[in-house]
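Numbering (our numbering), first residue to last: 256 to 513.
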């Protein structure tokens with residue numbers, strides 16, 4: 256296959272792998288949420304939670320069970336890169352269990368999933384204190400569980416002077432556990448695909464690479480990398496962010512782009 260076509264196809268498949276994994280993670284999280292809501296009937300009565308700590312313990316057990324499935328999808332969609340490139344997956348397998356910016360993928364997921372359980376219990380508490388029926392509670396959580404601290408049953412409760420603790424998990428868009436779980440999966444897959452392609456290039460005796468924009472959407476990060484000329488394999492490698500469409504053209508000693 257022509258190397259340029261291979262690289263463009265690879266970047267497209269990388270984006271698709273990330274989207275596919277995000278869909279699976281979203282499905283897992285919603286099923287976990289439904290399970291927690293259903294079980295909460297045992298802990299709700301007379302407009303209050305009768306045993307919030309027991310519900311939270313149950314919720315954390317549910318999300319802990321989801322961790323294995325999420326990690327499996329991250330691993331599978333990461334290793335697809337090696338199959339496409341025709342290289343061994345050993346290095347990517349090692350990468351997936353290594354520390355990435357201070358923690359392993361599994362460690363981050365464990366923390367975020369625990370936070371997610373707390374988010375769902377807070378939403379259940381808010382709806383219960385406002386006297387929601389089972390159906391109202393399910394509907395309100397379905398519409399707000401992905402971003403519970405901006406527009407959800409929690410914010411409605413606070414407007415009625417019902418006090419619900421609001422944690423801080425990060426900044427901006429990632430102030431909630433759901434987005435952190437999805438982001439963790441996406442970023443690990445993106446990094447794995449970039450690492451696999453670098454390995455492929457080096458196995459084929461490339462000495463560096465050029466970055467090419469795969470989108471006309473304005474992006475200062477991607478444009479700077481594309482304008483920088485030849486990169487060494489010590490430089491940052493696409494994707495430069497989760498939605499990055501950039502692809503690479505490898506450089507060789509004869510200065511021809513393969």
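Quick reminder that beta carbons are idealized off the backbone N, C-alpha and C, glycines included. What you are looking at is a predicted structure, and each value in this text was computed from that prediction instead of being measured.
Using 10 angstroms around the beta-carbon of residue 388, count the other beta-carbons present and answer buried if the total reaches 16, otherwise exposed. Along the chain shown, one-based indexing puts residue 388 at 133. With fewer than 16 other Cβ atoms within 10 Å, it is exposed.
Taking the C-alpha atoms as reference points, what is the distance between residue 363 and residue 492? Position 108 of the chain shown, counted from the first residue, corresponds to residue 363. Position 237 of the chain shown, counted from the first residue, corresponds to residue 492. So the alpha carbons of these two residues sit roughly 23 Å apart.
Could you check how far apart the C-beta atoms of residue 262 and residue 502 are, in whole angstroms? I think they sit under 8 Å. Working through the chain shown from its first residue, we reach residue 262 at position 7. Working through the chain shown from its first residue, we reach residue 502 at position 247. Their Cβ separation, rounded to whole angstroms, is 4 Å, which keeps residue 262 and residue 502 in contact under 8 Å.
Can you check the segment 267-353 for any alpha helix (DSSP H) of at least 4 residues that lies completely inside it and give the ranges in chain order? 307-340 and 345-351
What three-state label does DSSP hand residue 371 in the structure shown? Position 116 of the chain shown, counted from the start, is the residue given in the question as residue 371. Helix, per DSSP.
Alpha carbon of residue 338 to alpha carbon of residue 346, nearest angstrom: For the purposes of this step, residue 338 is taken as the residue at position 83 of the chain shown. For the purposes of this step, residue 346 is taken as the residue at position 91 of the chain shown. About 13 Å.
With 16 other CB atoms within 10 Å as the buried threshold, where does residue 404 fall? The residue labelled residue 404 in the question sits at position 149 within the chain shown. Buried: at least 16 other Cβ atoms inside 10 Å.
Three-state secondary structure assigned by DSSP to residue 359: For the purposes of this step, residue 359 is taken as residue 104 along the chain shown, with counting starting at 1. Correct three-state label for residue 359: coil.
Tell me where the alpha helix (DSSP H) around residue 413 begins and ends. To locate residue 413, count along the chain shown from 1; it is residue 158. Taken as a continuous stretch (DSSP letters only), the alpha helix (DSSP H) holding residue 413 covers 408-414.
Let me know if residue 500 comes out buried or exposed under the rule of 16 or more other beta-carbons within 10 Å of its beta-carbon. Numbered from 1 along the chain shown, position 245 holds the residue referred to as residue 500. Answer is buried; the Cβ neighbour count reaches 16.
Suppose contacts are defined by Cβ-Cβ distances below 9 Å. Is residue 370 in contact with residue 332 by that definition? Here residue 370 is taken as the residue at index 115 of the chain shown, counted from 1. Here residue 332 is taken as the residue at index 77 of the chain shown, counted from 1. For residue 370 and residue 332, no; Cβs fall outside 9 Å.
Going by DSSP in three states, residue 366 sits in which element: helix, strand or coil? As a working note, residue 366 is residue 111 in the chain shown. The answer is helix: DSSP assigns residue 366 an H, G or I state.
Quick check on the DSSP output: the beta strand (DSSP E) that includes residue 506 runs from which residue to which? Here residue 506 refers to the residue found at position 251 of the chain shown. From DSSP, the beta strand (DSSP E) with residue 506 extends over 502-506.
Residue 421 by DSSP, collapsed to three states: which one? In the chain shown, residue 421 corresponds to position 166, counting from 1. It is coil, neither helix nor strand.
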